Amino acid sequence: MRENTAEILELANYEVLTARNGKEGVQQAAQHHPDLIICDIMMPELDGYGVLHMLGKDERTASIPFIFLTAKAEKEDYRKGMTMGADDYLTKPYDDVELLNAVEMRLKKSDRLKKQFERSADGFDQFIKEAQAFDPIVKLAEDKKVKVLKKKETIYTEGSFPSHVFFLQKGKVKAYKSNENGKEYITDLLKEGEFFGYLDLLQGAPYEETAIALERSEVAMIPKDDFFNLLQGNREVASKFIRMLSNEIKEREERLLQLAYNSVRKRVAQALVMLVQRYQEDRSKPFSMAVTREDIASMVGTATETVIRTLSDFKDERLVDMKGSQITVLEYEKLARMRN
1 MRENTAEILE
11 LANYEVLTAR
21 NGKEGVQQAA
31 QHHPDLIICD
41 IMMPELDGYG
51 VLHMLGKDER
61 TASIPFIFLT
71 AKAEKEDYRK
81 GMTMGADDYL
91 TKPYDDVELL
101 NAVEMRLKKS
111 DRLKKQFERS
121 ADGFDQFIKE
131 AQAFDPIVKL
141 AEDKKVKVLK
151 KKETIYTEGS
161 FPSHVFFLQK
171 GKVKAYKSNE
181 NGKEYITDLL
191 KEGEFFGYLD
201 LLQGAPYEET
211 AIALERSEVA
221 MIPKDDFFNL
231 LQGNREVASK
241 FIRMLSNEIK
251 EREERLLQLA
261 YNSVRKRVAQ
271 ALVMLVQRYQ
281 EDRSKPFSMA
291 VTREDIASMV
301 GTATETVIRT
311 LSDFKDERLV
321 DMKGSQITVL
331 EYEKLARMRN
């Protein structure tokens, strides 16, 4: 059966690798990173369920499309395979057309989800459209509610329990923590095309931060049930979505470390650099944004008066310009070098 299946695929111009048992198959998948895996359920060494479990534990192989091939047609076996993350299920005996159609369909759908979607409202809608085409269980677009927020309007508060994942379609949002004295520390600045509020939802814990709009903003609210259906319904969709969600985590950790150990002057420079990196693609042009000194102090973790003095020094050095709450970064590269 293995040889016959390989021959059919090779005649259709696919490059095929074969494995005699489940253990060998897992090793080959980790070594060669195939575009698709076709796997029998009843095998020596390691059965198909074990193979699927092992592949799912390795991030290098977890998102590879997976088709079960078996003579067992009972609903229980089908349900178990699909629940574990299989993408399709072929029952023996099958003909060559059945096999090739299943392979072609899975590869096409996998290619769609490998696209790099633009991190914007249009990109979000495109991703949802592709995800829905990939698996009917994903219904995010149908339930997506967009909330229009005024400047300084709260999206969620520290200590409240999460019920949604949020996607910023337009505007700017800050996330911050408060100490027992009510002093704020900004932990993140969010821009258009970013998800937020998901970490606490995944942990099943109350929000550790408060999120507030920095300007008029539009936020898509994704119900938690739809979010979990998306993650659990299909391995490839989940893998793509998790990569989108985790895009900012490393950057955020590095920023917090820099703010923790650098001098105030370096930390203020870092805060200004982060604003440019977050909200302007072309770093060669001056960047302007209305931002309060209190917010910069919350980003830096120091007193507002200290921030005001440091910004005045930067203005004297012609690194920035200031008019009211509007701060213009004139020398991005110099500030970027200063923080190191």
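Residue numbers (full-length UniProt numbering): 1 to 340. Ideal Cβ placement from N, Cα and C applies to all residues, glycine included. Bear in mind the structure is a predicted one, so any value in this text is a computation, not a measurement.
Asked: Give the DSSP-derived three-state secondary structure of residue 297 in the structure shown.; Found: helix
Asked: How many angstroms separate the CA atom of residue 269 from the CA atom of residue 107?; Found: 47 Å
Asked: Are the Cβ atoms of residue 171 and residue 218 separated by less than 8 Å?; Found: yes
Asked: For residue 174, is the classification buried or exposed, using 16 other Cβ atoms within 10 angstroms of its Cβ as the cut-off for buried?; Found: buried
Asked: Threshold first: 3 residues or longer. Then list the beta strand (DSSP E) segments lying entirely within the UniProt domain "HTH crp-type" (262-333), N to C.; Found: 287-290, 320-323 and 326-329
Asked: Using 8 Å for Cβ pairs, my map puts residue 264 next to residue 306. What's the rounded Cβ distance?; Found: 6 Å
Asked: Note down, one range per segment and in chain order, each beta strand (DSSP E) of at least 3 residues found wholly within the UniProt domain "Response regulatory" (1-107).; Found: 37-40, 66-70 and 88-91
Asked: Quick check: residue 163 and residue 109, are their CB atoms within less than 8 Å of each other?; Found: no
Asked: Work out the CA separation of residue 186 and residue 209 for me, nearest whole Å.; Found: 9 Å
Asked: Could you please give me the residues that DSSP links to residue 155 through a beta bridge?; Found: Paired residue(s): none; residue 155 is not in a bridge.
Asked: Look at the alpha carbon of residue 29 and the alpha carbon of residue 5, and state the distance between them as a whole number of angstroms.; Found: 17 Å
Asked: Per DSSP, what are the beta-bridge partners of residue 185 in this structure?; Found: 177
Asked: What residue range does the alpha helix (DSSP H) around residue 214 cover?; Found: First-last for residue 214: undefined, no H or E at that position.
Asked: With distance defined between alpha-carbon atoms, name the residue in 38, 266 and 191 nearest to residue 69.; Found: 38
Asked: With distances taken from CA atoms, which of 102, 272, 212 and 161 is nearest residue 147?; Found: 212
Asked: Could you give the DSSP three-state label for residue 228: helix, strand or coil?; Found: helix
Asked: Would residue 310 be called buried (16 or more neighbouring beta carbons within 10 Å of its own) or exposed?; Found: buried
Asked: For residue 60, is the classification buried or exposed, using 16 other Cβ atoms within 10 angstroms of its Cβ as the cut-off for buried?; Found: exposed
Asked: In three-state terms, what does DSSP make of residue 145?; Found: strand
Asked: How about residue 338 and residue 266: do their beta carbons lie closer than 8 Å?; Found: yes
Asked: Grab the span of the beta strand (DSSP E) containing residue 161 for me, first residue to last.; Found: From DSSP, residue 161 is part of no beta strand (DSSP E); its letter is neither H nor E.
Asked: Thinking C-beta only, is residue 336 closer than 8 Å to residue 299?; Found: no
Asked: What number of angstroms, rounded off, separates the C-alpha of residue 330 from the C-alpha of residue 321?; Found: 7 Å
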